[in-house]
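K.L.:
One structure, pasted below without further comment.
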Ligand code: PLP
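Residue numbers (the working numbering): 68 to 518.
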């Protein structure tokens with residue numbers, strides 16, 4: 068949009084957007100009164116919808132008592148309560164919770180705890196953290212070194228220690244059947260090969276998004292993959308870290324996405340849906356033994372000033388209560404199936420949609436030039452921006468990234484809040500339908516006809 072309002076703010080680019088006035092449930096309004104359906108929950112954050120009255124009330128009550136209590140000076144009731152609730156949701160034996168203010172901080176915390184555990188257990192030669200290509204684990208330098216998304220990492224390569232990458236299991240691009248366990252084992256075995264070639268005694272951890280986020284567009288692991296990587300990590304004494312920053316919190320139809328495969332990591336991280344946008348909050352949850360090892364060895368050399376902030380923790384606790392009270396995880400599974408079927412319907416109508424994927428309400432579709440070869444659209448079309456802008460004009464917010472190495476390919480995350488109902492789904496699909504038609508007419512058809 069063309070914007071003349073002066074601003075002293077800057078983020079990634081010069082792009083301007085309208086000024087937000089208010090947000091309620093799945094809708095947001097700008098100051099001109101235009102309404103938007105938040106079809107991506109922000110950046111897959113506002114999982115319980117906007118302005119939930121019970122969460123606001125819990126925050127108001129906490130605000131009247133205290134908004135800050137430094138962790139070296141006080142323990143706070145909201146932090147204790149939220150840690151207890153979080154531990155109860157985590158896999159058995161993972162009862163230790165470390166609070167942070169966002170996803171990147173949570174990932175940094177996880178790799179530093181893993182490293183200190185290795186030192187504490189006499190394995191100081193372990194420092195390499197294997198991750199996947201593509202992946203997204205955060206923008207701070209430690210988390211960025213694990214991120215497989217060259218447009219975001221390349222400029223900073225000289226400032227980071229390179230970390231080994233293995234291919235993400237994108238069976239659909241490799242022409243493999245995602246429902247065949249042999250496919251899952253094929254990709255998991257690449258991890259084993261990499262651990263061996265790096266020297267198992269040097270490998271500290273493997274980090275994985277159980278259901279992919281922005282970089283892969285809601286990639287689901289093929290059958291057998293999650294179980295096999297767990298076995299491989301255990302075999303080589305490599306810690307398994309689940310990055311559930313986006314997939315955790317119920318959006319996939321289970322509170323932690325890894326529950327779909329009944330596997331437990333050694334450390335997990337959660338953030339976006341944890342306080343669902345009501346306050347900046349994230350957490351690392353670790354196996355008791357790891358925390359014992361580190362605390363017995365002199366303590367964890369890491370911590371953020373805002374960690375365990377009572378206001379943020381009161382929001383987090385209230386969000387977890389709302390998720391449970393309203394049965395939102397089950398709703399995410401049910402409405403997610405409905406939305407996915409609708410996206411598949413759009414795929415049947417528009418050959419430009421090459422794939423629909425994801426679980427629950429962590430869903431995405433990908434545009435291609437040719438559905439047979441899955442060749443992407445010409446990169447100069449910038450479809451990933453163009454379609455988002457068209458939908459935005461029509462009052463629907465979706466989230467996009469480039470699929471292939473971050474430089475071409477276009478996928479779109481469709482992830483409304485977990486309170487979405489069938490009427491909202493119908494509105495999303497209708498607006499997407501109109502947006503795709505307008506996109507094809509104004510962008511693709513003209514461009515492809517011109518050669
Ligand atoms: N890990 C995953 C899987 C993410 O999706 C993100 C953010 O998109 C992060 C880590 C980083 O979180 P944050 O942006 O809160 O630092």
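All C-beta atoms in this analysis are idealised placements derived from N, C-alpha and C, irrespective of residue type, glycine included.
Under the DSSP definition of a beta bridge, which residues are partnered with residue 309?
P.N.:
DSSP, once it has assigned bridges, lists 275, 335 as partnering residue 309.
K.L.:
Do residue 340 and residue 316 have their C-beta atoms within less than 8 Å of each other?
P.N.:
Yes, the pair counts as a contact, with Cβ atoms nearer than the cut-off.
K.L.:
Helix, strand or coil, according to DSSP, for residue 461 in the structure here?
P.N.:
Of the three classes helix, strand and coil, the one that applies to residue 461 here is coil, per DSSP.
K.L.:
By the three-class DSSP mapping on this structure, what secondary structure does residue 393 have?
P.N.:
In the structure shown, residue 393 sits in coil (DSSP, three-state: anything other than H, G, I, E or B).
K.L.:
DSSP on residue 475, reduced to helix/strand/coil?
P.N.:
In this structure, residue 475 counts as strand in the three-state DSSP scheme.
K.L.:
Considering residue 356, what are the terminal residues of the alpha helix (DSSP H) in which it resides?
P.N.:
Where residue 356 is concerned, the enclosing alpha helix (DSSP H) stretches over 355-363.
K.L.:
Along the chain, where does the beta strand (DSSP E) that runs through residue 435 open and close?
P.N.:
That residue, residue 435, is in no beta strand (DSSP E); it is neither H nor E in DSSP.
K.L.:
So residue 343 and residue 112 are supposed to be a Cβ contact under 8 Å. How far apart are they, rounded?
P.N.:
Confirmed, about 7 Å.
K.L.:
Between the C-alpha atoms of residue 297 and residue 126, what's the straight-line distance to the nearest angstrom?
P.N.:
About 39 Å.
K.L.:
Using DSSP bridges, identify the partner residues of residue 430.
P.N.:
In DSSP, residue 430 forms a bridge with 425, 481.
K.L.:
Heavy atom of ligand 1 less than 7 Å from the Cβ of residue 324, yes or no?
P.N.:
Outside the cutoff, so no.
K.L.:
Considering residue 238, what are the terminal residues of the alpha helix (DSSP H) in which it resides?
P.N.:
Where residue 238 is concerned, the enclosing alpha helix (DSSP H) stretches over 238-241.
K.L.:
Would you mind giving the Cβ-Cβ distance between residue 174 and residue 210, rounded to the nearest angstrom? I have them listed as a contact below 8 Å.
P.N.:
Indeed, because the Cβ distance is near 4 Å, the residues count as touching under 8 Å.
K.L.:
For the alpha helix (DSSP H) that residue 296 lies in, which residues bound it at each end?
P.N.:
Element bounds for residue 296: 292-303.
K.L.:
Taking only runs of the beta strand (DSSP E) that begin and end inside the region 148-195, which ones reach a length of at least 3 residues, in chain order?
P.N.:
Correct list: 163-167.
K.L.:
If you check the beta carbons only, do residue 308 and residue 329 fall under 8 Å apart?
P.N.:
Their beta carbons are not under 8 Å apart, which means residue 308 does not touch residue 329 by this criterion.
K.L.:
For the structure I just gave you, are there three or more beta carbon pairs, one from the region 380-388 and one from the region 469-476, closer than 8 Å?
P.N.:
Short answer: they don't touch.
K.L.:
Does the Cβ-Cβ distance between residue 430 and residue 235 come in under 8 Å?
P.N.:
Not in contact: residue 430 and residue 235 (Cβ atoms no closer than 8 Å).
K.L.:
Taking residue 127 as part of the alpha helix (DSSP H), name the residues at either end of that continuous run.
P.N.:
Here the alpha helix (DSSP H) through residue 127 covers 120-132.
K.L.:
If I measure Cβ to Cβ from residue 105 and keep anything under 6 Å in the same chain, skipping five residues before and after, which residues do I get?
P.N.:
So the list reads 93, 95, 464, once near-sequence residues are dropped.
K.L.:
Reducing DSSP to helix, strand and coil, say where residue 69 ends up.
P.N.:
Summary for residue 69: the model assigns pLDDT 46, below 50, so the residue's position carries little reliability, and this model does not support an answer.
K.L.:
Take residue 426 as the anchor and find which of 438, 480, 363, 437 has the nearest alpha-carbon.
P.N.:
Measuring from the Cα of residue 426, the nearest candidate turns out to be 480.
K.L.:
Thinking residue 108 and residue 484 are a contact (beta carbons under 8 Å), I'd like their distance in whole angstroms, please.
P.N.:
About 5 Å separates the two Cβ atoms, so the contact holds.
K.L.:
Helix or strand or just coil, what does DSSP make of residue 468?
P.N.:
Residue 468: strand per DSSP, three-state reduction.
K.L.:
Is it the case that the Cβ atoms of residue 380 and residue 145 are separated by a distance below 8 Å?
P.N.:
Result yes, Cβ atoms of residue 380 and residue 145 sit closer than 8 Å.
K.L.:
Kindly indicate which three-state DSSP category residue 232 falls into: helix, strand or coil?
P.N.:
Note: residue 232 maps to strand in three-state DSSP.
K.L.:
Is the separation between the beta-carbon of residue 187 and that of residue 360 shorter than 8 Å?
P.N.:
Their beta carbons are under 8 Å apart, which means residue 187 touches residue 360 by this criterion.
K.L.:
What number of angstroms, rounded off, separates the C-alpha of residue 506 from the C-alpha of residue 216?
P.N.:
Their backbone Cα atoms lie some 26 Å apart in a straight line.
K.L.:
Determine the burial state of residue 80: buried for a count of at least 16 other Cβ atoms within 10 Å of its Cβ, exposed for fewer.
P.N.:
Label assigned to residue 80: exposed.
K.L.:
Roughly how many angstroms separate the alpha carbons of residue 117 and residue 256, rounded to a whole number?
P.N.:
Looking at the two C-alpha atoms, the distance is approximately 43 Å.
K.L.:
Note down the Cα distance separating residue 508 from residue 410, rounded to an integer number of angstroms.
P.N.:
The alpha-carbon atoms of residue 508 and residue 410 are separated by roughly 20 Å.
K.L.:
From this set, 197, 415, 406, 132, which residue's C-alpha is nearest residue 496's C-alpha?
P.N.:
Selected option, being the one with the closest Cα: 406.
K.L.:
Beta-carbon within less than 8 Å of residue 462's beta-carbon, same chain only, minus the 5 sequence neighbours each way: which residues are those?
P.N.:
Cβ within range, chain order: 101, 102, 103, 104, 498.
K.L.:
Buried or exposed: residue 416, going by 16 or more other Cβ atoms within 10 Å of its Cβ?
P.N.:
By the 10 Å Cβ count, residue 416 comes out exposed.
K.L.:
Residues in its own chain within less than 6 Å of residue 91 by CB, not counting five upstream and five downstream?
P.N.:
Excluding residues within five positions, the ones whose Cβ falls inside 6 Å are 117, 118.
K.L.:
For residue 382, does the three-state DSSP call read helix, strand or coil?
P.N.:
DSSP places residue 382 in helix when its eight states are reduced to three.
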